[in-house]
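Following: one structure in structure tokens, then a few remarks.
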Amino acid sequence: METGTTDEKYPLRDGCVFCKISSGYEPARYVAPGGVESEDREELDAHGPLAFRNRLTWLRVMALVVPPGHPSQEQLWTDRDLYIPLIPYALALGRELTIDDVPTDVIPEGFRAISNFGRIAHQSQDHAHIHIIARPDYEPMPEVAAGATPLEASSGDVVVELAEVISAPWSVRFTLTGVTNQEEMWSDKRLPDLIDAAVVTAEKESPQGYRFAAEFLPKSGMGDAGLFILGGGQLDLYA
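For the sequence shown, the residue numbers in the numbering used here are 2 to 240.
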């Protein structure tokens, strides 16, 4: 299979199961926005993001979205050439599988997009990936207290607020000024500034590991805007 410039920047690695799946040498059930689902790697784009079903079946939808090549989680979230095309692809897939195109006997549940960093966050593969999972009703997302004062980490258009959740010792929410819902925030041209700030804050406040998590609901605008960081110690499983 041909490789693009991203593959050359982050070469595939022998022994990595995600690299084997990306190359078509390991069986997987590939999925893509537009109703695509196939076990044939050749039916999907050879150069862009790639998604496939997770072999775990804890929830109705569990998929993994990976960038080209073999970047680490840290490289994915600090390289705009990687995450700028990956994010809309992952969110479009999640929306399709859990909101817009669900089986007739399923009530749309929405989804979560999750990236784990480090073993305390249950990262099991070094190869960069985003989890897309059907929204579980038993694991709450962090909440920001009403009237919470933005933290000092806030800068420019990026707003950072302390949040609370039982499953993590420490949590904050990142949003952008002037946006209220997820659809607006994740398509905003300032999003890279938010992500850059989130990485810096996470590495500073929880260097042993952390989790990025965003929730998208089956409603107009897909729910309140926000990217949450969970860290500060051992985290619960992501699903």
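Glycine included, each C-beta is placed from N, C-alpha and C at the ideal position.
> Can at least three beta-carbon pairs, one atom from the segment 208–218 and one from the segment 107–122, be found at a separation below 8 angstroms?
Replying inline: yes
>> Using C-beta distances below 6 angstroms, list every residue in its chain close to GLY25, excluding the 5 sequence neighbours before and after it, in chain order.
In response: ARG42
>> Please report the distance separating the alpha-carbon of HIS132 from that of LEU65.
In response: 5 angstroms
> In the DSSP assignment, what residue or residues form a beta bridge with GLU38?
Replying inline: VAL32
>> Please return the same chain residues whose Cβ sits closer than 6 angstroms to the Cβ of TRP171, not counting the five positions on each side in sequence.
In response: GLY232 and GLY233
>> Residues in the same chain with beta-carbon distance under 8 angstroms from GLU3, minus the five sequence neighbours each way, listed in chain order, please.
In response: Per-residue confidence for GLU3 stands at a pLDDT of 44, beneath the threshold of 50, marking its modelled position as unreliable; the derived number appears in the next sentence. Cβ neighbours of GLU3 beyond the five flanking positions: ALA47 and HIS48.
>> Extract the residue ranges of the beta strand (DSSP E) inside the segment 178–228, only unbroken runs of 3 or more that lie entirely within it.
In response: 211–217
>> Quick check on ILE121: does DSSP put it in helix, strand or coil?
In response: helix
>> Alpha carbons only, please: which of LEU218, SER39, GLY227 and MET63 is nearest the one belonging to HIS130?
In response: MET63
>> Need the endpoints of the beta strand (DSSP E) that ALA147 sits in, please.
In response: Taken as a continuous stretch (DSSP letters only), ALA147 belongs to no beta strand (DSSP E), as it is neither H nor E.
>> Can you tell me where the beta strand (DSSP E) holding VAL159 begins and where it ends?
In response: 159–165
> Contact between the segment 86–99 and the segment 66–74: three or more CB pairs below 8 angstroms?
Replying inline: yes
> Can you name the start and end residues of the beta strand (DSSP E) that VAL66 belongs to?
Replying inline: 63–67
> Going by Cα to Cα distance, which pick from GLU216, SER188, VAL103 and GLU110 is closest to GLU144?
Replying inline: GLU216
> Based on Cα-Cα distance, which residue from ILE108, VAL173 and GLN74 lies nearest to GLU153?
Replying inline: VAL173
> Can you tell me where the alpha helix (DSSP H) with ILE85 in it begins and where it stops?
Replying inline: 81–96
> Is THR4 helix, strand or coil when you go by DSSP?
Replying inline: Unreliable positioning characterises THR4 in this predicted model, as indicated by a pLDDT of 43, which lies under 50. A coordinate reading is not provided.
> Alpha carbon to alpha carbon, what distance is there between SER23 and PRO12?
Replying inline: 12 angstroms
> Once you ignore the five residues that flank PHE19 on each side, which residues in its own chain have a CB closer than 7 angstroms to its CB?
Replying inline: VAL67, GLN126, HIS128 and HIS130
> If you count every other CB in all the chains shown that lies within 10 Å of the CB of ILE167, and 16 or more means buried, which is it?
Replying inline: exposed
>> According to DSSP, is SER155 part of a helix, a strand, or is it coil?
In response: coil
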